[in-house]
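Below: one structure, written as structure tokens.
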Amino acid sequence: MLAYIGRRLLQVIPMLLAVTFVVFFLIHLAPYDVVDAVTTPNMSAETVEIVRQRYGLDQPFLVQYGLWLGNVLQGDLGYSLVSRHSIADDLLIRIPNTVILVAPSYIAALILALVLGLWAGSRKGTWIDRMIDGLAGIGIATPAFWFALLVIYVFGYQLRWFPIIGMHSVGKQGDPIDFLRHFVMPSLVLIVAFFPEIARYVRSATISQLSQDYVLVQRGFGASRREIFSRHVSRNVMLPIITQLGLALPILVTGAIVIESIFGWPGVGPYFLTATKSLDYPVILAVLLLSAFLVIIGNLIADILYVVADPRIRIGGRA
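The numbering of the sequence shown is the numbering used here, which starts it at 8 and goes up by one.
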């Protein structure tokens, strides 16, 4: 197992290099001049050129990429062109805020989807199945940003039950009740956003498992429906769900960019969107690099969890 993990981690290095090169190249191709992020229209051409030289933007593409990559390999993500703040320090503040919002929401959506998906799959064709499948369909068809605006209008503006913006009220940092009042609405929107696809996946997997030959064999030996479902079907359905858990790792950091921005939640989302609007390419690169790293690590964790959950599976194709 350790050798397998080591080999996979070594595979991460060229993949990350490829991702950083492609992202850097695409930003370089974008139809704007990066120096516009740190200059104003009133500056003279000479001043703009001095600024361009200061940030190394006058260098060839490969030189710029090499300088940026060299700094990243030394653990230096650089500084924001706009705020002049350290990007690593900004992310260390914002990532925990995002995880605090997204992790509980995803876990709640996962538990809800497992329960309702298994229930619907075991009652295929009944009104319960149609109702749960219909709810999942409505959830998939509903844009998250539209539902967020609806929730804000009803619960924040009309009923005034919850604050609309931010993670804390002014002067109430550290107050758990105040935090929960800010947490409810964005969390509800994220649960509704995460739930439908997982529920449909679980329902489909349950229906597929119930049609397998081993279920007919178990019935032939007199096993009850509850025994078949609890001992065999639910376990086989859970295996691909475990894979989904590993793949969900990037969601914890970059899975709520739009929702965080709508609710003014001080996480990675508003940070990334602000950087995109202001052409702050070092921040864009840092967030995309982090996201790519989490995707690759998430795949590795999913593979390991899959092997741990079912020892019959052998890593690397070895029997």
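Glycine included, every Cβ here is placed at the ideal spot set by N, Cα and C.
{"query": "Using three-state DSSP, classify Tyr72 as helix, strand or coil.", "result": "helix"}
{"query": "Whole angstroms are fine: how far does the CA of Leu312 sit from the CA of Met245?", "result": "11 Å"}
{"query": "Restricting to runs no shorter than 4 residues, where is the alpha helix (DSSP H) found entirely within the segment 219–251?", "result": "220–227, 232–235"}
{"query": "Using the C-alpha atoms, what's the distance from Leu259 back to Phe202?", "result": "15 Å"}
{"query": "Quick check: Tyr288 and Val41, are their CB atoms within less than 7 Å of each other?", "result": "yes"}
{"query": "Since Tyr164 sits in a beta bridge, which residues does DSSP pair it with?", "result": "Tyr164 is not bridged to any residue."}
{"query": "Report buried or exposed for Tyr39, applying the criterion of at least 16 other Cβ atoms within 10 angstroms of its Cβ.", "result": "exposed"}
{"query": "Pick helix, strand or coil for Ser338, following the three-state DSSP scheme.", "result": "Any property of residue 338 remains undetermined from this structure, which presents the chain solely from 8 to 326."}
{"query": "Mind checking which residues open and close the alpha helix (DSSP H) that includes Met192?", "result": "183–217"}
{"query": "Using 10 angstroms around the beta-carbon of Thr105, count the other beta-carbons present and answer buried if the total reaches 16, otherwise exposed.", "result": "buried"}
{"query": "Under the three-state reduction of DSSP, which class applies to Tyr39: helix, strand or coil?", "result": "coil"}
{"query": "Work out the CA separation of Gly85 and Arg15 for me, nearest whole Å.", "result": "28 Å"}
{"query": "Do Ser298 and Pro257 have their beta-carbon atoms positioned less than 7 Å apart in this structure?", "result": "yes"}
{"query": "Do Ala206 and Ala120 have their C-beta atoms closer together than 7 Å?", "result": "yes"}
{"query": "Find the nearest neighbour of Val89 within the set Val58, Phe154, Trp75, judged by alpha-carbon distance.", "result": "Val58"}
{"query": "Please report the distance separating the alpha-carbon of Ile333 from that of Glu204.", "result": "Any answer about residue 333 is impossible in this case: the structure gives the chain only from 8 up to 326."}
{"query": "Which residues bound the alpha helix (DSSP H) around Val177?", "result": "That residue, Val177, is in no alpha helix (DSSP H); it is neither H nor E in DSSP."}
{"query": "Would you decide whether Tyr278 is buried or exposed? Buried here means 16 or more other CB atoms lie within 10 Å of its CB.", "result": "buried"}
{"query": "Can you grab the Cα-Cα spacing for the pair Thr149 / Leu156, in whole Å?", "result": "12 Å"}
{"query": "What is the DSSP secondary structure of Tyr62, reduced to helix, strand or coil?", "result": "coil"}
{"query": "Which residue marks the beginning of the alpha helix (DSSP H) containing Gly173, and which one marks its end?", "result": "From DSSP, Gly173 is part of no alpha helix (DSSP H); its letter is neither H nor E."}
{"query": "Who does Tyr86 pair with in a DSSP beta bridge?", "result": "Ser93"}
{"query": "Please list the terminal residues of the continuous alpha helix (DSSP H) segment that includes Met4.", "result": "Any property of residue 4 remains undetermined from this structure, which presents the chain solely from 8 to 326."}
{"query": "If Ile248 and Gly128 are in contact, beta carbons under 8 Å, what's the gap, nearest whole angstrom?", "result": "So it is not a contact: roughly 13 Å between Cβ atoms."}
{"query": "Any idea what DSSP makes of Gly132, helix, strand or coil?", "result": "coil"}
{"query": "Relative to the C-alpha of Tyr72, which residue among Thr54, Gln225, Val26 is closest?", "result": "Val26"}
{"query": "Taking the alpha-carbon positions, what's the Arg273 to Val55 distance?", "result": "At residue 273 the sequence reads Pro, which differs from the Arg that was named. Their backbone Cα atoms lie some 32 Å apart in a straight line."}
{"query": "Might you give, ordered along the chain, the residues of its own chain that have their beta carbon closer than 7 Å to the beta carbon of Leu117, omitting 5 neighbours on each side?", "result": "Ile205"}
{"query": "Check Pro21 in the structure and name its three-state DSSP category.", "result": "helix"}
{"query": "Short check: CB of Asn243 to CB of Gln216, under 7 Å?", "result": "yes"}
{"query": "Measuring only the C-alpha atoms, how far is Ile184 from Phe169?", "result": "11 Å"}
{"query": "Taking its Cβ as the centre, do 16 or more other Cβ atoms sit within 10 Å of His189, making it buried, or is it exposed?", "result": "buried"}
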